[in-house]
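Undergrad:
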Amino acid sequence: MVMVDLHCHLLQGIDDGSKNMTISLRLAREATKNGVTHALLTPHHMNGRYVNHKQDVIRRTKEFQKQLKNHNIPLMVFPGQEVRINGQLLTALDEDDILFADTGNRYLMLEFPDDDVSHYTNQMIFDLQQRGITPVIVHPERNTKIMAQPELLYQLLEKGCLSQITASSYVGTFGKKVENFSRQLIEAGQGYVFASDAHNLPGRKYEMRQAFEKLSQEFGGELVEQYQNNARDIINGANVPLNETRKIKKKKRFWLF
Numbered sequence: 006m007v008m009v010d011l012h013c014h015l016l017q018g019i020d021d022g023s024k025n026m027t028i029s030l031r032l033a034r035e036a037t038k039n040g041v042t043h044a045l046l047t048p049h050h051m052n053g054r055y056v057n058h059k060q061d062v063i064r065r066t067k068e069f070q071k072q073l074k075n076h077n078i079p080l081m082v083f084p085g086q087e088v089r090i091n092g093q094l095l096t097a098l099d100e101d102d103i104l105f106a107d108t109g110n111r112y113l114m115l116e117f118p119d120d121d122v123s124h125y126t127n128q129m130i131f132d133l134q135q136r137g138i139t140p141v142i143v144h145p146e147r148n149t150k151i152m153a154q155p156e157l158l159y160q161l162l163e164k165g166c167l168s169q170i171t172a173s174s175y176v177g178t179f180g181k182k183v184e185n186f187s188r189q190l191i192e193a194g195q196g197y198v199f200a201s202d203a204h205n206l207p208g209r210k211y212e213m214r215q216a217f218e219k220l221s222q223e224f225g226g227e228l229v230e231q232y233q234n235n236a237r238d239i240i241n242g243a244n245v246p247l248n249e250t251r252k253i254k255k256k257k258r259f260w261l262f
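According to our numbering, the sequence shown is numbered sequentially starting from 6.
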């Protein structure tokens, strides 16, 4: 059975993910134990701290694939980037320095700052879509502004964006608040795929299997299949059916005095 992980930081020494090849190989083994067969390697790019140019990531991914083969780890890896939304993104696209989730340059793994949704986001999304690019918003469930104003994500999804929920968020690794918000997004049809966002061991490990088991228990096997099919469609550059999304209602506060 094919399982695709669209977001992980297994390449060594180039961002806040794996620090060395030993950790990278251990993470790869964890991935396969979780059922992952194919992984998009997505080091941070243009996030104000890390710049990982397209050709460098391609070269490092090829080298890592050789290491996986030498160590008999049955994981197929592909070059990608976790691209931070920024004012230079369109220029980087023009200069062919951006990697997509698929070879047809259709799906872009797009990251927001942890605590903000940039004021120019709507215009940037429009510009990307004018180029035939579908942004996949990564880990929105951990963005504090989206948590406070969930309509921000809803509006982006209504414009045709997709979203990627981190498996570890849904199983509670980032705390109860993130876990509950992840469940709300899923219930409202605002999730499309799980990804590991694995960085290191033991803290940011693979929890894909646990997430899919929990998803099956809470929402049924049909949604598990849908999430896994969506991930395969994204990496293949195929059409992903859009969900019927619902707004998340904010809980009212009741004051005693």
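Note that CB positions come from ideal geometry on N, CA and C, so glycine has one too.
Bear in mind the structure is a predicted one, so any value in this text is a computation, not a measurement.
Determine the burial state of K74: buried for a count of at least 16 other Cβ atoms within 10 Å of its Cβ, exposed for fewer.
TA: Exposed, by the Cβ-count rule.
Undergrad: Return the residue from the list H144, T126, I191 and D102 that minimises the CA-CA distance to Q160.
TA: Out of H144, T126, I191 and D102, T126 has the C-alpha closest to the C-alpha of Q160.
Undergrad: Buried or exposed: P84, going by 16 or more other Cβ atoms within 10 Å of its Cβ?
TA: Flag for P84 reads buried.
Undergrad: If you pair each beta-carbon of the region 63-81 with each one of the region 108-115, do three or more pairs fall below 8 Å?
TA: Short answer: they don't touch.
Undergrad: Rounded to the nearest angstrom, how far is the Cβ of K150 from that of D121, given a contact under 8 Å?
TA: Right, their Cβ atoms sit about 5 Å apart.
Undergrad: Under the DSSP definition of a beta bridge, which residues are partnered with P84?
TA: For P84, which the question treats as bridged, DSSP gives the partners L46.
Undergrad: Under three-state DSSP, which class holds R258?
TA: Residue confidence for R258 is low, a pLDDT of 49 falling below 50, so the modelled location carries little weight and cannot support an answer.
Undergrad: Hey, would you say V7 sits closer than 7 Å to A236, going by beta carbons?
TA: Not closer than 7 Å, so no.
Undergrad: With three or more beta-carbon pairs closer than 8 Å as the criterion, would you say the region 238-253 touches the region 201-220?
TA: Counting Cβ pairs under 8 Å, fewer than three are found: no touch.
Undergrad: By how many angstroms is the C-alpha of L162 removed from the C-alpha of S168?
TA: Approximately 8 Å, taken between the alpha carbons.
Undergrad: Should A193 be labelled buried (16 or more other beta-carbon atoms within 10 Å of its own) or exposed?
TA: Buried is the call here.
Undergrad: What residue ranges within the region 220-245 form continuous alpha helix (DSSP H) runs of no fewer than 4 residues, ordered along the chain?
TA: For the region 220-245, whole alpha helix (DSSP H) runs of length 4 or above, ordered along the chain, are 226-241.
Undergrad: Measure the Cβ-Cβ separation of L158 and P145 and say whether it is below 7 Å.
TA: Yes.
Undergrad: Out of M26, Q233, T37 and A153, state which residue places its alpha-carbon closest to the alpha-carbon of I253.
TA: The shortest Cα separation from I253 among M26, Q233, T37 and A153 belongs to A153.
Undergrad: Does the beta-carbon of K119 have 16 or more other beta-carbons within 10 angstroms, so that it is buried, or is it exposed?
TA: Contrary to the premise, residue 119 reads as Asp rather than Lys in this sequence. Burial call: exposed.
Undergrad: Contact between the region 42-53 and the region 214-231: three or more CB pairs below 8 Å?
TA: Output reads no: the region 214-231 does not touch the region 42-53.
Undergrad: Around the C-beta of H12, are 16 or more other C-beta atoms found within 10 angstroms, so that it is buried, or is it exposed?
TA: With 16 or more other Cβ atoms within 10 Å, it is buried.
Undergrad: Output yes or no for whether 7 Å exceeds the beta carbon distance between Y232 and V198.
TA: In this structure, V198 lies closer than 7 Å to Y232 by Cβ.
Undergrad: Thinking C-alpha only, which one of A106, V82, M51 and V62 is nearest T96?
TA: Comparing Cα positions, the closest option is M51.
Undergrad: To which residues of the same chain is Y55 closer than 8 Å at the C-beta, ignoring the five residues directly before and after it?
TA: Excluding positions up to five away in sequence, the list reads I19, D20, D21, P48 and H49.
Undergrad: Using beta-carbon positions only, say whether K59 and D102 come within less than 7 Å of one another.
TA: A contact, by the Cβ cut-off of 7 Å.
Undergrad: Taking the continuous beta strand (DSSP E) assigned at T171, which residues delimit it?
TA: Start and end: L167 to T171.
Undergrad: Taking 7 Å as the cut-off, decide whether the C-beta atoms of S173 and E223 are in contact.
TA: Cβ distance not < 7 Å, so S173 and E223 don't count as in contact.
Undergrad: Between which two residues does the beta strand (DSSP E) holding L115 run?
TA: Per DSSP, L115 belongs to the beta strand (DSSP E) from Y112 to E116.
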